[in-house]
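Asks:
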Amino acid sequence: MARFLDLMEPIMKYIPEVPKPQRKVSLKEKIFWTGLALGIYLVMSEIPLFGVPIYQTGYEQLFFYRVIFASKKGSLMDLGIGPIVTAGLIMQILAGSKILNVDMTKPRDRGLFTGTQKFLAILMTAFEGTAFLIGGNYGNPDTLISVFIVLQLLSVGVLVILLDEMIQKGWGLGSGVSLFILAGVSQQVVWLSLSPFGPIEDGKSLGAVVAFFQTAFNGENILSAFSRYPYPDMTGFIAMILVFLLAVYLEGMKIEIPVAYAKYGGMRAKIPLKFMYVSNIPIILASALFANFYLFGQILWQNLNMANNNPWLNWFVMFNSTSTTRELLPGCFLYYISSPRSLTNVIQDPIHAVLYTLILVTFSVIFAKVWVEVSGMSARAQAEQLVKAGLQIPGFRRSPAIIEQILQRYIPSLTIISGIGIGLLAGIADMLGAIGSGIGILLSVGIIYQYYQILAKEQLSETYPGLGRFLGQE
Numbered sequence: 000m001a002r003f004l005d006l007m008e009p010i011m012k013y014i015p016e017v018p019k020p021q022r023k024v025s026l027k028e029k030i031f032w033t034g035l036a037l038g039i040y041l042v043m044s045e046i047p048l049f050g051v052p053i054y055q056t057g058y059e060q061l062f063f064y065r066v067i068f069a070s071k072k073g074s075l076m077d078l079g080i081g082p083i084v085t086a087g088l089i090m091q092i093l094a095g096s097k098i099l100n101v102d103m104t105k106p107r108d109r110g111l112f113t114g115t116q117k118f119l120a121i122l123m124t125a126f127e128g129t130a131f132l133i134g135g136n137y138g139n140p141d142t143l144i145s146v147f148i149v150l151q152l153l154s155v156g157v158l159v160i161l162l163d164e165m166i167q168k169g170w171g172l173g174s175g176v177s178l179f180i181l182a183g184v185s186q187q188v189v190w191l192s193l194s195p196f197g198p199i200e201d202g203k204s205l206g207a208v209v210a211f212f213q214t215a216f217n218g219e220n221i222l223s224a225f226s227r228y229p230y231p232d233m234t235g236f237i238a239m240i241l242v243f244l245l246a247v248y249l250e251g252m253k254i255e256i257p258v259a260y261a262k263y264g265g266m267r268a269k270i271p272l273k274f275m276y277v278s279n280i281p282i283i284l285a286s287a288l289f290a291n292f293y294l295f296g297q298i299l300w301q302n303l304n305m306a307n308n309n310p311w312l313n314w315f316v317m318f319n320s321t322s323t324t325r326e327l328l329p330g331c332f333l334y335y336i337s338s339p340r341s342l343t344n345v346i347q348d349p350i351h352a353v354l355y356t357l358i359l360v361t362f363s364v365i366f367a368k369v370w371v372e373v374s375g376m377s378a379r380a381q382a383e384q385l386v387k388a389g390l391q392i393p394g395f396r397r398s399p400a401i402i403e404q405i406l407q408r409y410i411p412s413l414t415i416i417s418g419i420g421i422g423l424l425a426g427i428a429d430m431l432g433a434i435g436s437g438i439g440i441l442l443s444v445g446i447i448y449q450y451y452q453i454l455a456k457e458q459l460s461e462t463y464p465g466l467g468r469f470l471g472q473e
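All letters in the sequence shown, in the order written, are residues 0 to 473 by numbering that gives the first Met the number 0.
Listed below in C-alpha cells is the structure:
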C-alpha cells in the first residue's frame, strides 16, 4: 500500500522551489541575501491590504499572537509566518503520532516530508486568509474585493515561504522564520518602550519609558507609570529585561557528557546537552495551536453565536458583543487559553491565571516530547549519530544501545524540565505584561544566540577553509 508521502511526490514538481546554491556562498553574499529577505518582509509589513478599510485595522485579541507569527494587522503580512508554523505543527503531530509513515534518517523521506510541509503551508495560507475574511477581520467587503484580499494574502504567503526556503537552503543565514520573528519582536519592543505617539487616554505617550519620564517630570505619582493597562508600562518593561536576562542564563546552562574519538587514539572531548534541551519549539507550537483555536472560535462566533445564546458553543467561545475589541468572556475554553496580560487581571481572576499557566505548561511538555522524537533529538537517534561520527563514551563499548542507555538518563528528564521551564517562564512573563510578550522575548534570545553561533561558524570557516568539512559545511 502506497504511503501518503509517496502519493504526494507527483505534486512536488508543481510547487515553486528555490534551488540550492551550486557553489560555496560567501559570508558577504549570505548577509546580502538575508538582508534582502528582511527588507522585503519589512516593506510588506508596511503596505496595507488593498480593499481593507483603515478602521478595520485596529486593536484585536490576536494582537498578542502576532509577535510570534511576525504578522502585522491590515498589511500584506497579515498572516505572517502563521501558515508555515501551522503546517509544521500539523506535520510534526502526524509524524510524532506515527499516523504519517516517515523515516527521517532517509534523504528521500526527508525531502518528501519537507515538500509536503511546504504544500500544506500554501494550503494553510489560503485557508487562514479565507478564515480571517469569514471571521470578520476585514469587515464585510463584496465578493470581488473578498477574492482579491485572499489572492493578496496567498501571493505574499507563497513569497514568504520561498524567502524562508532561500535562506534555509544556504543562500542566507539561519532561517526566514527566525529572522522575521526577531524583526517583529524587536519592532514591538522599541515601539512599545520608546514610542512618543500620544497623548493617549492617560495623557501620556504610548511608550512605557517615555511615559515614565513624563510622569516623573510632571511631579505625578511615579507608581502610575507601573500600571497603565492596557497600555505598556514600566512593570512590563522591567519584566521584559528580567525575562531576557533569565533566558540568556538558561541558554548557557548545559550538561556535558565526556566522549572519545576512536579514530584519533581516544582523543577526549565533551558533548553538551543544553538545559533548555528543546529550546523554544514547544512554545511556538503551543502558541500556534492556541491561535488556530482562537481563529476557529472567531469564525464560529461570528457566524453562529453572536448573541452568545448557544450553550453548546458557549463552552468553547464567547465574545463581548458590545465591545469593539471582541473581548473574550469568562467561562469559555478560549478565555482560559488566553493570557491575563497584566497583574491587575491576575488579581481580579486568579483562576484564569492558574488554568492558563497549567494549560500552557501541559501543551509545552507534550510538544517537547513530540519534537524530540520527530527531530532526531531522542536518546536513540543521538546515540546512532555519535557512533556514526566515530565517538564513544570512555569506559563503555562503542555500541548504540550502550550509549542510548547513558543518554536515557539525561534526555527524557531534560525534555520535560525544559518544556515545563519554557512554559512557566513564558506564561509568567505574559501575566506581568512583559513588553514584546514573554514568548516573543524567549524566542528572540534563542534566535540571537543561534545567529551568534552561525556567524562565528561562518567566520571561522572563511578564515580557515580546511575546517569547513569539520564544521559540517559543504
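Virtual Cβ for every residue (Gly too), placed ideally from N, Cα, C.
These figures come from a predicted structure and were not determined experimentally.
Quick check on residue 117: buried or exposed, where buried means 16 or more other Cβ atoms within 10 Å of its Cβ?
Replies: By 1-based counting over the sequence shown, the position of residue 117 is 118. Label assigned to residue 117: buried.
Asks: So, for residue 2: in the same chain, excluding its five sequence neighbours on each side, which residues have a beta-carbon less than 7 Å away from its beta-carbon?
Replies: Start at 1 with the first residue of the sequence shown, and residue 2 comes out as number 3. So the qualifying residues of the chain are 100.
Asks: When DSSP labels each residue in this structure, what does residue 82 get in the three-state scheme?
Replies: In the sequence shown, counting from the first residue as 1, residue 82 sits at position 83. Residue 82: helix per DSSP, three-state reduction.
Asks: May I have the straight-line CA-CA distance separating residue 398 from residue 102, to the nearest angstrom?
Replies: Within the sequence shown, numbered from 1, the residue matching residue 398 stands at position 399. Within the sequence shown, numbered from 1, the residue matching residue 102 stands at position 103. Those two C-alpha atoms are separated by around 21 Å.
Asks: Closer than 8 Å, CB to CB, is residue 92 near chain D or not?
Replies: Of the protein chains in the structure, only one exists, and it is not chain D.
Asks: Helix, strand or coil: which one does DSSP assign to residue 254?
Replies: In the sequence shown, residue 254 corresponds to position 255, counting from 1. In the structure shown, residue 254 sits in a strand (DSSP, three-state: E or B).
Asks: I'd like the span of the alpha helix (DSSP H) that includes residue 310, first residue to last.
Replies: The sequence position of residue 310 within the sequence shown is 311, counting from 1. Unbroken alpha helix (DSSP H) run through residue 310: 310–313.
Asks: What are the complete alpha helix (DSSP H) segments, minimum 4 residues, inside the stretch 168–209?
Replies: Within the stretch 168–209, the complete alpha helix (DSSP H) runs of at least 4 residues are 175–193.
Asks: Looking at C-beta atoms only, is the number of pairs between the stretch 198–207 and the stretch 444–457 that lie closer than 8 Å three or more?
Replies: No: the two stretches stay apart, fewer than three of their Cβ pairs being nearer than 8 Å.
Asks: Might you give, ordered along the chain, the residues of its own chain that have their beta carbon closer than 7 Å to the beta carbon of residue 193, omitting 5 neighbours on each side?
Replies: For this step, residue 193 is matched to residue 194 along the sequence shown. For residue 193, where only same-chain residues beyond five positions count, the Cβ hits under 7 Å are 206, 208 and 209.
Asks: Could you pull out every residue in the same chain whose Cβ sits closer than 7 Å to the Cβ of residue 14, ignoring the five residues on either side in sequence?
Replies: Taking the sequence shown and counting its residues from 1, one reaches residue 14 at position 15. Cβ neighbours of residue 14 beyond the five flanking positions: 114, 117 and 118.
Asks: With DSSP as the reference, please indicate the residues paired to residue 318 in a beta bridge.
Replies: Position 319 of the sequence shown, counting from 1, holds the residue named residue 318. Note: residue 318 sits in a beta bridge opposite 327.
Asks: Measure the C-alpha to C-alpha separation of residue 440 and residue 240 and round it to an integer number of angstroms.
Replies: Indexing the sequence shown from 1 puts residue 440 at position 441. Indexing the sequence shown from 1 puts residue 240 at position 241. Roughly 9 Å separates the two Cα atoms.
Asks: Run through the DSSP bridge pairs and tell me what residue 140 is partnered with.
Replies: As a first step, residue 140 must be located in the sequence shown, where it is residue number 141. Beta-bridge pairing links residue 140 to no other residue.
Asks: What is the C-beta distance between residue 91 and residue 353, in whole angstroms, given that I count them as a contact (C-beta under 8 Å)?
Replies: Working through the sequence shown from its first residue, we reach residue 91 at position 92. Working through the sequence shown from its first residue, we reach residue 353 at position 354. With 8 Å as the limit, residue 91 and residue 353 do not qualify as a contact, their Cβ atoms being about 28 Å apart.
Asks: In or out: residue 370 buried (at least 16 other Cβ within 10 Å) or exposed?
Replies: Position 371 of the sequence shown, counted from the start, is the residue given in the question as residue 370. Under this definition residue 370 is a buried residue.
Asks: Leaving out five residues before and five after residue 236 in sequence, what residues of the same chain have Cβ atoms less than 7 Å from its Cβ?
Replies: Position 237 of the sequence shown, counting from 1, holds the residue named residue 236. Same-chain partners within the cutoff: 192, 207, 208 and 434.
Asks: Going by the DSSP bridge assignment, what does residue 272 pair with across the sheet?
Replies: Taking the first residue of the sequence shown as 1, we reach residue 272 at position 273. Residue 272 is bridged to 254.
Asks: Alpha helix (DSSP H) containing residue 49: first to last residue?
Replies: Start at 1 with the first residue of the sequence shown, and residue 49 comes out as number 50. Looking at the DSSP string, residue 49 is not in any alpha helix (DSSP H), and its letter there is neither H nor E.
Asks: Reducing DSSP to helix, strand and coil, say where residue 377 ends up.
Replies: Within the sequence shown, the letter at position 378 stands for residue 377. In this structure, residue 377 counts as coil in the three-state DSSP scheme.
Asks: Could you tell me the alpha carbon to alpha carbon distance between residue 4 and residue 82, rounded to whole angstroms?
Replies: Within the sequence shown, the letter at position 5 stands for residue 4. Within the sequence shown, the letter at position 83 stands for residue 82. Spanning the two alpha carbons is a distance of roughly 20 Å.
Asks: Would you kindly work out how many angstroms separate the C-alpha atoms of residue 455 and residue 175, rounded to a whole number?
Replies: As a position in the sequence shown, residue 455 is number 456, starting the count at 1. As a position in the sequence shown, residue 175 is number 176, starting the count at 1. Cα-Cα distance, rounded: 19 Å.
Asks: Here's the rule: buried if 16 or more other CB atoms are within 10 angstroms of the residue's CB, otherwise exposed. What is residue 457?
Replies: Looking up residue 457 in the sequence shown gives position 458. That one is buried.
Asks: For the pair the stretch 411–425 and the stretch 359–367, tell me if three or more CB-CB distances fall below 8 Å.
Replies: The stretch 411–425 vs the stretch 359–367: in contact.
Asks: On a Cα-Cα basis, can you pick out the residue from 406, 360, 358 and 361 that is closest to residue 381?
Replies: Along the sequence shown, one-based indexing puts residue 381 at 382. When each option's Cα is compared against that of residue 381, the closest is 406.
Asks: Let me know if residue 281 comes out buried or exposed under the rule of 16 or more other beta-carbons within 10 Å of its beta-carbon.
Replies: The count along the sequence shown starts at 1 and reaches residue 281 at position 282. The residue is buried, with at least 16 neighbouring Cβ atoms inside 10 Å.
Asks: Just curious, the alpha helix (DSSP H) that residue 286 is in, first and last residue?
Replies: As a position in the sequence shown, residue 286 is number 287, starting the count at 1. 280–303 is the span of the alpha helix (DSSP H), which, as asked, contains residue 286.
Asks: Going by the beta-carbon positions, is the gap between residue 79 and residue 86 smaller than 8 Å?
Replies: For the purposes of this step, residue 79 is taken as residue 80 along the sequence shown, with counting starting at 1. For the purposes of this step, residue 86 is taken as residue 87 along the sequence shown, with counting starting at 1. Going by C-beta atoms, residue 79 is not nearer than 8 Å to residue 86.
Asks: DSSP three-state label for residue 145, please.
Replies: Walking along the sequence shown from the start, residue 145 turns up at place 146. Residue 145 falls in the helix class under three-state DSSP.
Asks: In whole angstroms, give me the CA-to-CA distance for residue 346 and residue 335.
Replies: Mapped onto the sequence shown, residue 346 falls at position 347. Mapped onto the sequence shown, residue 335 falls at position 336. If I take the Cα positions, the gap works out to 15 Å.
Asks: Ends of the alpha helix (DSSP H) at residue 409?
Replies: For this step, residue 409 is matched to residue 410 along the sequence shown. Premise fails: residue 409 is in no alpha helix (DSSP H) and is neither H nor E.
Asks: Residues in the same chain with beta-carbon distance under 6 Å from residue 125, minus the five sequence neighbours each way, listed in chain order, please.
Replies: Taking the sequence shown and counting its residues from 1, one reaches residue 125 at position 126. 153, listed in sequence order.
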